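Chemist: Sharing a structure here in structure tokens format.
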Amino acid sequence: MSDRPCVLVFSGADPSGGAGMAADIQAITAMGAHALPVLTAITVQDNNHVHAVMPLAPEVVQQQARTLMAQVPVAAVKIGIPGSAENAQAIAQLIVELRATHRQAAEAAPGWAARLYTEPPVVLDPVLRSGHGDALGRDDAVKSLAPLLPLATLIMPNGPEAAALAASMARHAALPPGA
73 MSDRPCVLVF SGADPSGGAG MAADIQAITA MGAHALPVLT AITVQDNNHV HAVMPLAPEV
133 VQQQARTLMA QVPVAAVKIG IPGSAENAQA IAQLIVELRA THRQAAEAAP GWAARLYTEP
193 PVVLDPVLRS GHGDALGRDD AVKSLAPLLP LATLIMPNGP EAAALAASMA RHAALPPGA
């Protein structure tokens, strides 16, 4: 497919071209890698507002990713909007599978080659709202990211996203065990 490192990208479609999958593909290409786009949601938006977000079914997200993962060596993962809590859970499962595949390859490789099969880094860009403050999912955006947070190598929130994540973590930490 490509002699460049391949990045599995989970993101939504922004028809204005200013964000989402279009922007991810441009950024990944500019960094010298090859994007493997997995669509998570279709948005209806313009440069001013998000009018609708339609998440794809988690089975469709997984089918797209598994088809690519079966044929292409994935060097890294980038996650934008999952679109739904179910998609976030499906993506988390895919990351666990991808890492298991890399571990198996490392164990089967001769000594020096095992280093080639390190776990791919996972970059989470927790896009909670559009630049104009519109919701980008049907669920509690922070809560829906929960299965992805412990799997992320790097989390890249903007200021408001960092505040929302920190507040959610503080609330969760204040709960009694088992609550």
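All residue numbers for the sequence shown refer to the numbering used here, where the first residue is 73 and numbers rise by one. Glycine included, C-beta positions come from ideal geometry on N, C-alpha and C. Keep in mind that this is a model prediction, so the values were computed, not measured.
Among Leu223, Val199, Ser216, which one has its Cα closest to the Cα of Asn230?
Modeler: Val199
Chemist: Rounded C-beta distance between His106 and Arg76? I'm assuming under 8 angstroms.
Modeler: Sure, about 5 angstroms apart at Cβ, within 8 angstroms.
Chemist: For the candidate residues Gln165, Thr190, Asp118, whose alpha-carbon lies nearest to that of Arg175?
Modeler: Thr190
Chemist: Quick one: residues in its chain with C-beta nearer than 8 angstroms to the C-beta of Pro193, no 5 flanking neighbours on either side, listed in chain order?
Modeler: Ala148, Val149, Thr225, Leu226
Chemist: In whole angstroms, give me the CA-to-CA distance for Asp197 and Leu170.
Modeler: 19 angstroms
Chemist: Taking only three categories from DSSP, how would you classify Leu80?
Modeler: strand
Chemist: Please state whether DSSP places Thr139 in a helix, a strand or coil.
Modeler: The answer is helix: DSSP assigns Thr139 an H, G or I state.
Chemist: Write down the C-beta distance between Ile114 and Ala85 rounded to the nearest angstrom, noting that I regard them as a contact closer than 8 angstroms.
Modeler: That belief holds up - the Cβ atoms of Ile114 and Ala85 are roughly 5 angstroms apart, short of 8 angstroms.
Chemist: Across which residues does DSSP place Met126 in a beta bridge pair?
Modeler: Ile114
Chemist: Leaving aside the five residues before and after Ala94 along the sequence, list all residues of the same chain whose C-beta is less than 7 angstroms from its C-beta, in chain order.
Modeler: Asp86
Chemist: What is the rounded straight-line gap between the Cα of Ser88 and the Cα of Thr101?
Modeler: 19 angstroms
Chemist: Among Leu221, Gly104, Ile97, which one has its Cα closest to the Cα of Val110?
Modeler: Ile97
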